[in-house]
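Number of protein chains: 2
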Amino acid sequence: MNFSVIGTGNLAFHLIKMLQTHGHVLMQVVGRNENTGRELASMFSASYINHTGELSKMNDVVFVAVKDGAIAEVAASVSHEIPVVHSSGNSSIQLLPQNSTGVVWPLFSFSKTKTIDYASIPFLIETNNPSLFDLLFDVFQPISGKVFNAPESDRRKVHLAAVLANNFTNHLMFLADEVVSEIPLPFDILLPMIHDQINSASHNTLNANQTGPARRADMKTIADHLAIIKHNDGLTEIYKSITNSILATYHGKKL
Amino acid sequence: MNFSVIGTGNLAFHLIKMLQTHGHVLMQVVGRNENTGRELASMFSASYINHTGELSKMNDVVFVAVKDGAIAEVAASVSHEIPVVHSSGNSSIQLLPQNSTGVVWPLFSFSKTKTIDYASIPFLIETNNPSLFDLLFDVFQPISGKVFNAPESDRRKVHLAAVLANNFTNHLMFLADEVVSEIPLPFDILLPMIHDQINSASHNTLNANQTGPARRADMKTIADHLAIIKHNDGLTEIYKSITNSILATYHGKKL
């Protein structure tokens, strides 16, 4: 496959890397910032262009790897004859005006610095025509073996689930770190317990892995915790809302 | 050290196992349920007794490994001459009426079935006298090398932090699983992303690891998510409270 990428961020970098590793040919890199654009293009022996109008008709697919809010504007400037694919979990395929359009959403948080095992990444794919779906399936299936057909409504639910299971869990650890920062013990003493829980997490174990005062309906400990954080309104709201959800799930009651 | 254990649950089992492995001698197991008590005692070649009054004065320490709510009553029935230690994160050392008392809280969720690397477990210790502290330190330091002196107020904060970082994160994954259960994709597609985040989690990375719509103040995606869950009051409360906390932390604003 001949492909080009619009965008020069983490996602653009990793898309190019995984595709080139599997024998696909990067033709052009488009970026508003000429320095980062030229740097990325030369890293992978491709051409840098700064106008989407210069995108070659030889491209089998052009990937739009820009911020969600910029997808529509960027895509609008690409020829309707070129197949265009965006990579956002929460954006509609309708943002793309081309004849042949698609979405390839890698379910992963990319950063440029860390080494990523691409074989572990699930890819959620949607297209407006079967032949582009087949092409994208053939391209991504060898990379991870975990390619799923996911229409927009499904993809949005997975995106919501990822926010709960990933972004929100990280913030809870951040809040735990703040609590521990008040005493002379390091946050990292919590890590063995967290790793143990996450390593055993799967659809089948989430119920059995649920422990803690709310799971036991231990109202005294819950009251003790609320007393510790009573001057922190934000944390109190979070503590109460999650505790209520656990109490409702396992005991059919609330605080 | 000669020791005995009151209680026959997961914690009792693992305490005995880690201590015997390090050369300490289990004398007696006390349990209300004679069957599980005898089974545990015989597994480790110790005596079963069903009355705390029969606890030997030869015990250097008796560990109380029962539910938080039962610690005071159980401890009240033990001779004041025998050093007694409980193992609860959120219970006061004052529940123990003996002359020499302590708390050893292993920061871990035990289950009988899984193999546990005891060397990874931090132990938080408190005593009412220095010689018991020295004894407990000498006993637990070789097991994990991670023994900390933690008075009650510190221990309670670590316990709260563990609820946030462990119990609450598991429930968020459970809720994510519920969202994904509405579509024909498996929850486990979220696991590579979650593992990657948790494996890189530490005090130094929690800030950099925070991603997602609230971190970007992407109010459109937040509104999209709230629309998906608008019929689920409990999840909506959780979503709003954590989103507000992330918005407040990184953008000084709220929904």
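Respectively, the protein sequence lines represent chains A and B.
Using the working numbering, count along the first sequence one by one with no gaps and you end on 288.
Using the working numbering, count along the second sequence one by one with no gaps and you end on 288.
Where a beta carbon is used, it is the ideal one built from N, C-alpha and C, also for glycine.
State yes or no: is the beta carbon of residue i nearer than 9 Å to at least one beta carbon in chain A?
| i | result |
| --- | --- |
| B:R71 | no |
| B:S164 | no |
| B:K147 | yes |
| B:K179 | yes |
| B:G267 | yes |
| B:V38 | no |
| B:T254 | yes |
| B:T202 | yes |
| B:A183 | yes |
| B:A98 | no |
| B:N83 | no |
Consult DSSP for residue i and reduce its assignment to one of helix, strand or coil.
| i | result |
| --- | --- |
| B:N182 | strand |
| B:F34 | The question names Phe, but residue 34 of chain B is Met in the sequence shown. B:M34: coil per DSSP, three-state reduction. |
| B:E80 | Looking at the sequence provided, one finds Ser at residue 80 of chain B rather than Glu. In this structure, B:S80 counts as strand in the three-state DSSP scheme. |
| A:E114 | coil |
| A:Q61 | strand |
| A:G122 | coil |
| A:I39 | strand |
| B:T202 | helix |
| B:E215 | coil |
| B:F143 | coil |
| B:V191 | helix |
| A:S237 | First, the amino acid is wrong: residue 237 of chain A is Asn here, not Ser. Correct three-state label for A:N237: coil. |
| A:P175 | helix |
| B:N232 | helix |
| A:H55 | coil |
| A:M252 | helix |
| A:N66 | coil |
| A:T148 | coil |
| B:L88 | coil |
| A:P155 | coil |
| A:L73 | helix |
| B:H284 | helix |
| A:T269 | helix |
| B:Q243 | coil |
Quick check on residue i - is its C-beta less than 9 Å from some C-beta in chain B?
| i | result |
| --- | --- |
| A:T54 | no |
| A:A281 | yes |
| A:N35 | no |
| A:M226 | yes |
| A:T244 | yes |
| A:E106 | no |
| A:L193 | yes |
| A:G102 | yes |
| A:S206 | Here residue 206 of chain A turns out to be Met, not Ser, going by the sequence shown. Closer than 9 Å: yes. |
| A:P175 | no |
| A:Q230 | yes |
| A:E270 | yes |
| A:D93 | no |
Among the options, which one has its Cα closest to the Cα of residue i?
| i | options | result |
| --- | --- | --- |
| B:G64 | B:A45, B:S78, B:Q53, B:N161 | B:A45 |
| A:E211 | A:I262, A:S124, A:E87 | A:I262 |
| A:G70 | A:M60, A:N83, A:I271 | A:N83 |
| B:N199 | A:S214, A:S233, A:G178 | A:S233 |
| A:F141 | B:N68, B:I275, B:P225, B:S37 | B:P225 |
| A:L197 | B:H204, B:N182, B:A195 | B:H204 |
| B:K147 | B:T276, B:H119, B:N43 | B:N43 |
| A:A152 | A:K179, A:D167, A:E67 | A:K179 |
| A:F220 | B:E67, B:V172, B:R188, B:H264 | B:R188 |
| A:A281 | B:A98, B:D266, B:L73 | B:D266 |
| B:T85 | B:F77, B:V95, B:P184 | B:V95 |
| B:K50 | B:S112, B:T269, B:I149 | B:I149 |
| A:V38 | A:G135, A:L88, A:L218 | A:L88 |
| A:V118 | A:S80, A:V136, A:A79, A:V107 | A:V136 |
| B:Y81 | B:I104, B:V97, B:L59 | B:L59 |
| B:P246 | A:F201, A:S274, A:D229 | A:F201 |
| B:E106 | B:S235, B:E114, B:L128, B:S112 | B:L128 |
| A:R248 | A:N237, A:E270, A:I275, A:S235 | A:I275 |
Who pairs with residue i in a beta bridge, going by DSSP?
| i | result |
| --- | --- |
| A:F46 | Answer by DSSP bridge pairing: none, since A:F46 is not bridged. |
| B:F220 | For B:F220, which the question treats as bridged, DSSP gives no partner whatsoever. |
| B:T134 | B:V117 |
| A:T160 | A:G135 |
| B:F96 | B:V38, B:V118 |
If contacts are defined as beta-carbon pairs under 8 Å, then residue i and residue j qualify, I think. What distance do you get, rounded to the angstrom?
| i | j | result |
| --- | --- | --- |
| B:G102 | B:V191 | That pair is no contact at about 20 Å. |
| B:L165 | B:P116 | 6 Å |
| B:S133 | B:N161 | 7 Å |
| B:P155 | A:I222 | 4 Å |
| B:L48 | B:S120 | 7 Å |
| A:L239 | A:M34 | Actually they are not in contact, since the Cβ atoms of A:L239 and A:M34 sit about 39 Å apart, beyond 8 Å. |
| A:Y272 | A:H284 | About 17 Å; that fails the 8 Å criterion. |
Looking at the ligand ADP, does it come within less than 8 Å of residue i, judged from the CB to the closest heavy atom?
| i | result |
| --- | --- |
| A:L169 | The model depicted lacks the ligand ADP and carries no ligand whatsoever. |
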